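In full-length UniProt numbering, the protein residues as written are 1 to 261.
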């Protein structure tokens with residue numbers, strides 16, 4: 001499970017799960033290109049990544065709310081780095097919560113662009129290089145709502161399912177090229193989004209943070225929230241040579257919360 005001489009592009013990698021994935025891949029020898037919208041944060045994280053093999057990590061500044069700009073900047077980067085990437089980790093912040101009937105049409109459109117369209121553009125840009133090498137890994141960090149919709153996350157439930165079906169279709173098309181496509185589905189994981197969802201629920205219900213957290217924990221057999229490095233471990237396995245015969249699947253990392261198989 002080493003990634004020496006491999007390059008990985010990781011989205012949403014300045015914080016949370018994306019950063020944990022970047023750190024673990026770098027620790028195992030991969031050269032990282034971080035992808036996010038905050039240049040200052042990107043510089044800070046890139047400089048702090050492990051370099052056990054003398055890697056030189058870098059980054060691309062792009063906002064997933066601007067798909068055309070994302071495509072241009074990734075293509076520019078590939079023009080300057082023709083070796084391309086072995087690993088693509090699609091990851092970006094989830095849509096705002098709320099009942100589905102209260103969601104605006106624009107909220108659906110924006111979420112579709114940020115998740116489905118941007119994932120698609122990144123795959124279109126990186127797959128030719130993977131095909132040329134006869135090997136590649138695409139891992140999408142989505143949500144357990146792909147398997148079981150979550151209350152109060154109407155837009156997210158809809159769009160996450162779309163990403164899951166896009167990924168399954170892509171997996172079938174690329175399997176013969178030695179490229180795998182898989183989805184990691186985090187459950188309640190301690191990140192900034194997790195904190196913001198708890199805060200919103202306390203505002204809506206009038207409960208305390210402790211009461212909201214206790215109600216969430218009652219639904220998790222492991223009786224605790226996940227940590228970003230635990231999700232990263234699943235991503236890194238799927239990105240490794242050991243997972244070459246695994247493609248088109250969803251792996252929940254949720255302490256047993258998802259009710260379906």
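From the three backbone atoms N, C-alpha and C, an ideal C-beta is built for every residue, glycine too. If you're wondering where the values come from, they're calculated on a predicted model, not measured in any experiment.
Kindly indicate which residue of the options has the alpha-carbon position closest to the one of residue i.
i: residue 12; options: 51, 5, 50 and 62; result: 62
i: residue 10; options: 126, 66 and 207; result: 126
i: residue 191; options: 69, 232, 79 and 58; result: 232
i: residue 85; options: 105, 128 and 256; result: 128
i: residue 43; options: 57, 20, 123 and 30; result: 57
i: residue 54; options: 66, 64, 32 and 45; result: 32
Using only the alpha-carbon positions, how far apart do residue i and residue j sit?
i: residue 114; j: residue 157; result: 14 Å
i: residue 116; j: residue 142; result: 11 Å
i: residue 16; j: residue 49; result: 14 Å
i: residue 213; j: residue 198; result: 7 Å
i: residue 81; j: residue 139; result: 21 Å
i: residue 92; j: residue 24; result: 18 Å
i: residue 230; j: residue 14; result: 17 Å
i: residue 173; j: residue 187; result: 28 Å
i: residue 149; j: residue 18; result: 23 Å
i: residue 168; j: residue 246; result: 12 Å
i: residue 255; j: residue 124; result: 34 Å
Please list, in chain order, all residues of the same chain as residue i whose beta carbon is under 6 Å from its beta carbon, the five residues on each side excluded.
i: residue 250; result: 146, 183 and 185
i: residue 107; result: 155
i: residue 152; result: 97
i: residue 28; result: 2 and 3
i: residue 144; result: 185, 187, 252, 254 and 258
Going by beta-carbon coordinates alone, are residue i and residue j separated by less than 7 Å?
i: residue 59; j: residue 34; result: yes
i: residue 237; j: residue 228; result: no
i: residue 90; j: residue 119; result: yes
Residues in its own chain within less than 7 Å of residue i by CB, not counting five upstream and five downstream?
i: residue 38; result: 14
**Message:** If contact is defined by three or more beta carbon pairs under 8 Å, each pair taking one atom from either stretch, is the stretch 168-180 in contact with the stretch 132-140?
**Reply:** With the cut-off at 8 Å, the stretch 132-140 and the stretch 168-180 touch.
**Message:** When you compare the stretch 216-232 with the stretch 68-80, are there three or more beta-carbon pairs, one atom per stretch, that lie closer than 8 Å?
**Reply:** Result no; under three Cβ-Cβ pairs closer than 8 Å.
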